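Colleague: Position one of the sequence shown corresponds to residue 2 (this note's numbering), numbered consecutively onward. The structure's right below; bear with me while I get my questions together.
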Amino acid sequence: MSDKNYLAWPFFESRHAALEQALDAWATEQVAGDHGHGHDVDAACRQLVRQLGEGGWLRHAIGGTAHGGAGDSIDTRAICLIRETLARHNGLADFAFAMQGLGSGAISLFGSEANRAAYLPRVARGEAIAAFALSEPQAGSDVAAMQCAAMRDGDDYVLNGEKTWISNGGIADFYVVFARTGEQPGARGISAFIVDADTPGLEIAERINVIAPHPLARLVFTNCRVPASKRLGEAGQGFKVAMATLDVFRTSVAAAALGFARRALDEALAHAKQRQMFGQVLADFQLTQAKLAGMATGIDTSALLTYRAAWQRDQGEKVTKEAAMAKLHATETAQQVIDAALQMFGGQGVVSGHAVESLYREIRALRIYEGATEVQQLIIARELLKET
Numbered sequence: 002m003s004d005k006n007y008l009a010w011p012f013f014e015s016r017h018a019a020l021e022q023a024l025d026a027w028a029t030e031q032v033a034g035d036h037g038h039g040h041d042v043d044a045a046c047r048q049l050v051r052q053l054g055e056g057g058w059l060r061h062a063i064g065g066t067a068h069g070g071a072g073d074s075i076d077t078r079a080i081c082l083i084r085e086t087l088a089r090h091n092g093l094a095d096f097a098f099a100m101q102g103l104g105s106g107a108i109s110l111f112g113s114e115a116n117r118a119a120y121l122p123r124v125a126r127g128e129a130i131a132a133f134a135l136s137e138p139q140a141g142s143d144v145a146a147m148q149c150a151a152m153r154d155g156d157d158y159v160l161n162g163e164k165t166w167i168s169n170g171g172i173a174d175f176y177v178v179f180a181r182t183g184e185q186p187g188a189r190g191i192s193a194f195i196v197d198a199d200t201p202g203l204e205i206a207e208r209i210n211v212i213a214p215h216p217l218a219r220l221v222f223t224n225c226r227v228p229a230s231k232r233l234g235e236a237g238q239g240f241k242v243a244m245a246t247l248d249v250f251r252t253s254v255a256a257a258a259l260g261f262a263r264r265a266l267d268e269a270l271a272h273a274k275q276r277q278m279f280g281q282v283l284a285d286f287q288l289t290q291a292k293l294a295g296m297a298t299g300i301d302t303s304a305l306l307t308y309r310a311a312w313q314r315d316q317g318e319k320v321t322k323e324a325a326m327a328k329l330h331a332t333e334t335a336q337q338v339i340d341a342a343l344q345m346f347g348g349q350g351v352v353s354g355h356a357v358e359s360l361y362r363e364i365r366a367l368r369i370y371e372g373a374t375e376v377q378q379l380i381i382a383r384e385l386l387k388e389t
């Protein structure tokens, strides 16, 4: 088990340590293991959402006690600790929690009172599965290139276009969809809408299979009519809605990577101490010790960056640069740590279903989604140049 002395760092309050300890005990009992690989991933994800709701953990993924949230606003340190802990136990459990937060985050931040009341309590209880539909075939990192359009028609908007790489696609009960409404060119002419999964004109056009199984799909909208009352924020402010939502949850991606890395180090340490080789154990070799030292140092650096960003955001500070640094370092480092752990296991490490093999598949996408590593580098540089 990884050293948890970091919970005593000044970034945290006593309630955060209590939260992590309670969740760790719950996850050990309820969700330990790889639920996604070789299983019905849709059914596994639905079950995990229900379990997380029944356990009370999804209350932390939404904002507003009036609508079932744990607090009046989302506690960034809490969601980071939850994601780190779940990722250490089960990658799909982390995914299920994260998407309930990301998929409903725009409603927490920008939804009308009626929309918050209609959706957030069900998300918190695990009774409604949420999804965030931003990416398109030609508009991933470049959100301003979005082509999906929403035209005003009386009291409704009519959506046409497609979205892809949509997590929870195919099992979500509702989608927060971003579409071009044309108030101004580029990013300033986009709006956000809640689209229920059973809305006529919304089709799950394709299910997408990836190396770490989770529900993923391409959506197509054909004359899909959505009431204007389900728009989130002002018309033309969708880019602001999307970025504000991502700003809340981007640091938590770093935390998930941290959880994967901690699990890999735990596995590597246990293996190194018992693997017999040339009359000694693997841990006796200086090459192994050097590798373990590098893994541990990288993990602590990632943790410091991650929880600095989470703490700063909870103080109401802007964390664009800090969150980008955390995501960049934590995801890249976790990839290196997991690769090193797999190497220590040799042939065992690439056997399907082995803990480090599962981690190897889980970590790769984190270097891409919610802003690829290269995008984080651009964000950091842009913020630095603003400061000079």
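We put the beta carbon where it would ideally sit given N, CA and C, even for glycine. These numbers were taken from a predicted model, which means no experiment stands behind them.
(1) So, with DSSP's three-state summary, where would you put E371?
(2) Give me the DSSP bridge partner(s) of K164.
(3) The beta strand (DSSP E) that contains I192, what's its start and end?
(4) Out of L8, F12, V351, Q101, which has the shortest C-alpha to C-alpha gap to A311?
(5) Are there 16 or more other CB atoms within 10 angstroms of the CB of A131, so buried, or fewer, so exposed?
(6) Could you work out which residue in V338, L49, T246 is closest to V357 when comparing CA atoms only?
(7) Applying the 10 Å Cβ sphere with the 16-neighbour rule, what's the burial state of H36?
(8) How far does the alpha helix (DSSP H) with E207 in it extend, from its first residue to its last?
(9) Report back the beta-carbon spacing between A118 and I167 to the nearest angstrom; my notes put them in contact at under 8 Å.
(10) Quick one: is D143 buried, meaning 16 or more other Cβ sit within 10 Å of its Cβ, or exposed?
(11) Is D315 helix, strand or coil when you go by DSSP?
(12) Leaving out the 5 sequence neighbours to the left and right, which residues in its chain are closer than 7 Å to T86 when beta-carbon positions are compared?
(13) By the 10 Å Cβ neighbour count, where 16 or more other Cβ atoms means buried, how is V211 classified, buried or exposed?
(14) In chain order, what residues of the same chain have a beta carbon less than 6 Å from the beta carbon of K292, not counting five sequence neighbours either side?
(15) Can you give me the C-alpha to C-alpha distance between K319 and F250, rounded to a whole angstrom?
(16) Let me check understanding here. Comparing Cα to Cα, which of A236, H17, L59 lies closest to D157?
(17) Taking buried to mean at least 16 other C-beta atoms within 10 Å of its own C-beta, is L386 buried or exposed?
(18) Could you check the C-alpha separation between A213 and D197 for me, to the nearest Å?
(19) Hey, V177 and G104: beta-carbon distance below 8 Å or not?
(20) Report yes if the C-beta distance between G70 and L121 is below 8 Å; otherwise report no.
(21) Check whether chain B comes within 8 Å of I80, counting only Cβ atoms and requiring the distance to be less than that.
(22) DSSP three-state label for D73, please.
(23) If you follow the alpha helix (DSSP H) that A335 is in, where does it begin and where does it stop?
(24) What's the gap between the Cα of Q344 and the Cα of G350?
Modeller: This is what the structure gives:
(1) If you number the sequence shown from 1, residue 371 lands on position 370. It is coil, neither helix nor strand.
(2) By 1-based counting over the sequence shown, the position of residue 164 is 163. BP columns for K164 point to L220.
(3) Against the sequence shown, residue 192 aligns to sequence position 191. The question names Ile, but residue 192 in the sequence shown is Ser. Here the beta strand (DSSP E) through S192 covers 191-197.
(4) In the sequence shown, counting from the first residue as 1, residue 311 sits at position 310. Nearest of L8, F12, V351, Q101 to A311, Cα basis: F12.
(5) Against the sequence shown, residue 131 aligns to sequence position 130. When all chains shown are included, A131 counts as buried.
(6) Taking the sequence shown and counting its residues from 1, the one referred to as residue 357 is at position 356. The shortest C-alpha separation from V357 is found at V338.
(7) For the purposes of this step, residue 36 is taken as the residue at position 35 of the sequence shown. Bear in mind that the predicted position of H36 carries a pLDDT of just 46, short of 50, making it unreliable; the figure below should be weighed with that in mind. It is buried - the Cβ of H36 has at least 16 other Cβ atoms within 10 Å.
(8) Here residue 207 is taken as the residue at index 206 of the sequence shown, counted from 1. Counting along the chain, E207 falls outside any alpha helix (DSSP H), though it belongs to the beta strand (DSSP E) covering 203-208.
(9) Taking the sequence shown and counting its residues from 1, one reaches residue 118 at position 117. Taking the sequence shown and counting its residues from 1, one reaches residue 167 at position 166. Not confirmed; about 25 Å, so no contact.
(10) Translated into positions along the sequence shown, residue 143 becomes position 142. D143 is exposed by the Cβ-count criterion.
(11) Taking the sequence shown and counting its residues from 1, the one referred to as residue 315 is at position 314. Reduced to three states, the DSSP call for D315 is helix.
(12) Start at 1 with the first residue of the sequence shown, and residue 86 comes out as number 85. The residues are E21, L24, D25, A28, G260.
(13) On the sequence shown, position 210 is the one that residue 211 refers to. V211 is exposed by the Cβ-count criterion.
(14) As a position in the sequence shown, residue 292 is number 291, starting the count at 1. For K292, where only same-chain residues beyond five positions count, the Cβ hits under 6 Å are A341.
(15) Stepping through the sequence shown from its first residue, residue 319 is reached at position 318. Stepping through the sequence shown from its first residue, residue 250 is reached at position 249. Their backbone Cα atoms lie some 14 Å apart in a straight line.
(16) The residue you call residue 157 lines up with position 156 of the sequence shown. Ranking A236, H17, L59 by Cα distance to D157 puts A236 first.
(17) For this step, residue 386 is matched to residue 385 along the sequence shown. Flag for L386 reads exposed.
(18) Position 212 of the sequence shown, counting from 1, holds the residue named residue 213. Position 196 of the sequence shown, counting from 1, holds the residue named residue 197. So the two alpha carbons sit approximately 27 Å from each other.
(19) Residue mapping note: residue 177 aligns to position 176 of the sequence shown, counting from 1. Residue mapping note: residue 104 aligns to position 103 of the sequence shown, counting from 1. Against a cut-off of 8 Å, the Cβ pair of G104 and V177 comes out as a contact.
(20) Within the sequence shown, numbered from 1, the residue matching residue 70 stands at position 69. Within the sequence shown, numbered from 1, the residue matching residue 121 stands at position 120. Yes, Cβ-Cβ distance for G70 and L121 is below 8 Å.
(21) Absent from the structure: chain B. Only one protein chain is present.
(22) Start at 1 with the first residue of the sequence shown, and residue 73 comes out as number 72. DSSP places D73 in coil when its eight states are reduced to three.
(23) If you number the sequence shown from 1, residue 335 lands on position 334. Run containing A335: 321-346, per the alpha helix (DSSP H) assignment.
(24) Along the sequence shown, read from residue 1 onward, the residue named residue 344 stands at position 343. Along the sequence shown, read from residue 1 onward, the residue named residue 350 stands at position 349. Each residue's Cα considered, the two are about 7 Å apart.
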